[in-house]
Amino acid sequence: MTFDWPTALPLIFAGLMGLAILIYVILDGFDLGIGILFSVAEDAEQDTMIAAIGPFWDANETWLVLAVGLLLVAFPMAHGVILTALYIPVFVLLVGLILRGVAFDFRAKVPSGKKHRWNRIFFLGSIIASLAQGYMLGVYVLGLDVGLGGIAFGALVALCLSAAYAAMGAAWVIYKTEGELQRKAVRWLRTTLVLTALGMAAVSLATPFASPRIFAKWFVWPEMLYLSPLPILSALLFLWLWRQTFHLPKPDDRHALRPFLTLAAIFALGFAGLAWSFYPFVVPDKLTIWQAASATESLAIILAGTVVVLPVIIFYSFYAYRVFGGKATDLTYD
Numbered sequence: 362m363t364f365d366w367p368t369a370l371p372l373i374f375a376g377l378m379g380l381a382i383l384i385y386v387i388l389d390g391f392d393l394g395i396g397i398l399f400s401v402a403e404d405a406e407q408d409t410m411i412a413a414i415g416p417f418w419d420a421n422e423t424w425l426v427l428a429v430g431l432l433l434v435a436f437p438m439a440h441g442v443i444l445t446a447l448y449i450p451v452f453v454l455l456v457g458l459i460l461r462g463v464a465f466d467f468r469a470k471v472p473s474g475k476k477h478r479w480n481r482i483f484f485l486g487s488i489i490a491s492l493a494q495g496y497m498l499g500v501y502v503l504g505l506d507v508g509l510g511g512i513a514f515g516a517l518v519a520l521c522l523s524a525a526y527a528a529m530g531a532a533w534v535i536y537k538t539e540g541e542l543q544r545k546a547v548r549w550l551r552t553t554l555v556l557t558a559l560g561m562a563a564v565s566l567a568t569p570f571a572s573p574r575i576f577a578k579w580f581v582w583p584e585m586l587y588l589s590p591l592p593i594l595s596a597l598l599f600l601w602l603w604r605q606t607f608h609l610p611k612p613d614d615r616h617a618l619r620p621f622l623t624l625a626a627i628f629a630l631g632f633a634g635l636a637w638s639f640y641p642f643v644v645p646d647k648l649t650i651w652q653a654a655s656a657t658e659s660l661a662i663i664l665a666g667t668v669v670v671l672p673v674i675i676f677y678s679f680y681a682y683r684v685f686g687g688k689a690t691d692l693t694y695d
């Protein structure tokens, strides 16, 4: 029995691209969320929050580069269609990422009296990037619909994804800080959880009605039974985390990482639902994974490079999080 490379290689790259997107959303999500939470934090708290993400935020964005790179080289036809439909929000996303990157460095170099200006720019860049990503997700869910309905739904998802990122940021602050800032982060998490749950519910309800094909994948028997754990587990995790916010922080800072891991699990469940909804399409109802894929010979060469690069990225990420683990300390600049 021979291995069917023309069938398997596009699936492998679709899985790798999906994994990179999910890891990016979880890891850079808390970076962006902390930037959003700058709007409700005091100056001294903002320094501690920056210290909580300082060693990680560049590495976290590597996963976005990997995902876009895989889309370009493995699915060039899909890359062209998606970027054509989302050209403006992609441009806005890049502006937001540039603003927050510049502000991150400049706030450390300017006199203390001018730092608040760069703190506002860091918040602005974070919220712009988050809204742009949410808008693109909403438009993609509706099959790249850029009409009035697609724009309205994209705007709704943009607000809800920004709230989800803020929840991830609050959960990370709970893990990385202590004292009054940690207690504030618990209150921030409680507030943003409500919007996050509403946002995920809106996307989950809208996705099956976006196309008859997706509706048929969710609301037929026995698939309906097999897929029911996804929304049920998500709802249970939301409720459990909501209850936990009334018991945090715990003595000796026990379970401080648990809110972040719980949100990561919720994100993974939501991503699994979206993946099932759109499979086998990479461009909804237009291009399947195999129609959009590069030639088999090209994919084989790209896979060889990915086998080398991906373990390096994973190792560096684990190493960075291990070396810079523990609580964030007072931020100082030499």
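Remember, our numbering sits 361 above the position in the sequence shown when you count from 1. All residues carry an ideal CB built from backbone N, CA and C; glycine is no exception. Treat the numbers as computed from the prediction; the structure is a model and nothing was measured.
Residues of its chain near residue i, where Cβ-Cβ distance is below 8 Å and the 5 sequence neighbours each way are ignored
i           : result
residue 521 : 495, 556, 557, 559, 560, 561, 563, 564
residue 499 : 511, 514, 515, 516, 517, 518, 519, 564
Burial state of residue i (16 or more Cβ within 10 Å)
i           : result
residue 477 : exposed
residue 518 : buried
residue 545 : buried
residue 404 : exposed
residue 389 : buried
residue 509 : exposed
residue 475 : exposed
residue 452 : exposed
Proximal residues to residue i (C-beta, below 7 Å), its chain only, five neighbours per side dropped
i           : result
residue 467 : 479
residue 575 : 568, 569, 638
residue 523 : 397, 488, 491, 492, 495
residue 553 : 524, 527, 528, 531
residue 663 : 434, 435
residue 631 : 561, 595
Distance between beta carbons of residue j and residue i, contact taken as under 8 Å
i           : j           : result
residue 374 : residue 435 : 4 Å
residue 417 : residue 685 : 7 Å
residue 443 : residue 644 : 6 Å
residue 413 : residue 395 : 7 Å
residue 482 : residue 469 : Actually they do not touch by this definition, with Cβ atoms about 13 Å apart.
Whether residue i touches residue j by CB criterion (8 Å)
i           : j           : result
residue 490 : residue 515 : no
residue 571 : residue 504 : yes
residue 627 : residue 660 : no
residue 620 : residue 535 : yes
residue 579 : residue 588 : yes
residue 549 : residue 401 : yes
residue 437 : residue 655 : yes
residue 543 : residue 610 : yes
Where the beta strand (DSSP E) through residue i begins and ends
i           : result
residue 359 : Nothing in the structure corresponds to residue 359, since the chain is present only between 362 and 695.
First and last residue of the uninterrupted alpha helix (DSSP H) at residue i
i           : result
residue 538 : Note, residue 538: premise wrong, no alpha helix (DSSP H); not H, not E.
residue 584 : 584-588
residue 634 : 619-639
residue 377 : 366-398
Close-in-space but distant-in-sequence residues of the same chain around residue i (CB under 6 Å, 5 per side omitted)
i           : result
residue 427 : 381
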